[in-house]
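Read the structure below first, then the notes.
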Amino acid sequence: MIVNHSAFDALHADAAAPSSWVVRWSHLVTPGGVVLDVACGHGRHARWFHQQNHPVVLVDRAQAAIESIAIPAPACEAVVADIENGPWPFAGRQFDAVVIANYLWRPLMPTLLASLAPGGVLIYETFAQGNETVGKPSRLDFLLRPGELLETCRTLRIVAFEEGFLEGPNGEKPRFVQRIAAVRKAMDATHSGGVLPATASSPPRYPLC
């Protein structure tokens with residue numbers, strides 16, 4: 000997600016409800032698979048995946064935010080780290096899903112893609128150019144360029160992509176967004192969330208719901 004924390008602290012306070020985009024595509028994650036929630040804030044997505052019986056790994060720079068997420072160990076691994084200015088705290092590890100919402104730090108993108116296990120799912124939603132006309136973030140450094148997520152994820156299997164304007168339902172602010180659900184190719188047919196594995200005669204099927 001594309002925002003420097005300093006620009007996003009107010010927005011990062013997170014509504015309690017998880018993103019509808021994250022919920023919609025979460026069925027692609029392997030049942031029981033480990034979900035990495037990047038820049039997790041107060042844990043709206045972490046709590047939702049925990050309720051779906053996924054172990055969760057969380058990272059955020061804000062100690063208070065991390066401490067507010069009441070998910071017990073061993074179902075939750077919570078890490079306080081500055082992922083923009085410090086080392087990546089999960090070096091060498093891969094996850095069944097990487098989830099990012101309302102956060103963008105372009106130098107980290109190759110690391111996030113490398114953190115997907117074979118068959119792993121990237122679910123990403125953040126602000127896009129045009130948002131400067133309706134509110135914050137407004138700096139172009141923190142807004143996705145047209146089609147940028149598609150280009151960034153070109154090595155993955157794109158299941159869904161949207162780019163456009165949201166009026167702001169349920170009390171949310173109007174915003175311009177890009178959002179994507181993409182899967183790293185599995186090395187074999189053992190991975191299946193809501194996904195029917197490939198056979199010799201047919202490709203994998205990613206249910207659209």
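Position one of the sequence shown corresponds to residue 0 (numbering that gives the first Met the number 0), numbered consecutively onward. Glycine is no exception: its CB is placed at the ideal position from the N, C-alpha and C atoms.
**Inter-residue CB distance, residue 208 and residue 53 (contact presumed, cutoff 8 Å)** = Residue numbering aside, residue 208 sits at position 209 when the sequence shown is read from its first letter. Residue numbering aside, residue 53 sits at position 54 when the sequence shown is read from its first letter. So it is not a contact: roughly 18 Å between Cβ atoms.
**Item:** Identity of the residues DSSP links to residue 99 by a beta bridge
**Value:** In the sequence shown, the residue the question calls residue 99 occupies position 100. In DSSP, residue 99 forms a bridge with 37, 123.
**Asked** Who are the Cβ neighbours of residue 83 in its own chain at under 6 Å, not counting the five residues just before and after it?
**Response** Locating residue 83 in the sequence shown gives position 84, counting from the first residue. Here the set comprises 104.
**Supposed contact pair residue 99 and residue 180 - C-beta distance, whole angstroms, cut 8 Å** = As a position in the sequence shown, residue 180 is number 181, starting the count at 1. As a position in the sequence shown, residue 99 is number 100, starting the count at 1. That pair is no contact at about 12 Å.
**Item:** Simplified DSSP state of residue 117, which is helix, strand or coil
**Value:** On the sequence shown, position 118 is the one that residue 117 refers to. Secondary structure at residue 117: strand, using DSSP grouped into helix, strand and coil.
**Prompt:** Going by DSSP, what residues sit across from residue 23 in a beta bridge?
**Reply:** Your numbering for residue 23 matches position 24 in the sequence shown. For residue 23, DSSP records no beta bridge to any residue.
**Item:** Secondary structure of residue 43, DSSP reduced to three states
**Value:** Within the sequence shown, numbered from 1, the residue matching residue 43 stands at position 44. When secondary structure is reduced to three states using DSSP, residue 43 falls in the helix class.
**Prompt:** According to DSSP, what are the bridge partners of residue 75?
**Reply:** For the purposes of this step, residue 75 is taken as the residue at position 76 of the sequence shown. For residue 75, which the question treats as bridged, DSSP gives the partners 55.
**Prompt:** Can you tell me where the alpha helix (DSSP H) with residue 149 in it begins and where it stops?
**Reply:** Taking the sequence shown and counting its residues from 1, the one referred to as residue 149 is at position 150. Counting along the chain, the alpha helix (DSSP H) containing residue 149 begins and ends at 147-151.
**Item:** Collapsed DSSP secondary structure at residue 70 in the structure displayed
**Value:** Position 71 of the sequence shown, counted from the first residue, corresponds to residue 70. If DSSP states are grouped into helix, strand and coil, residue 70 belongs with coil.
**Prompt:** How long is the line joining the alpha carbons of residue 185 and residue 117, rounded to whole angstroms?
**Reply:** Indexing the sequence shown from 1 puts residue 185 at position 186. Indexing the sequence shown from 1 puts residue 117 at position 118. One alpha carbon belongs to residue 185, the other to residue 117, and they sit about 4 Å apart.
**Request:** Return no unless some Cβ of chain D is closer than 8 Å to the Cβ of residue 46.
**Result:** Judged by its chain identifiers, the structure shown contains no chain D, having just a single protein chain.
**Asked** Which same chain residues, not among the five before or five after residue 20, have their C-beta less than 6 Å away from its C-beta?
**Response** Mapped onto the sequence shown, residue 20 falls at position 21. Within its own chain, the residues whose Cβ lies closer than 6 Å to the Cβ of residue 20, once the five positions on either side in sequence are excluded, are 124, 178, listed in chain order.
**Message:** For residue 77, which residues in the same chain have their Cβ closer than 6 Å to its Cβ, ignoring the five residues on either side in sequence?
**Reply:** Along the sequence shown, read from residue 1 onward, the residue named residue 77 stands at position 78. Hits under 6 Å: 57, 65.
**Asked** Exposed or buried, what is residue 17 when buried is set at 16 or more other beta-carbons lying within 10 Å of its beta-carbon?
**Response** Start at 1 with the first residue of the sequence shown, and residue 17 comes out as number 18. Per the 10 Å Cβ criterion, buried.
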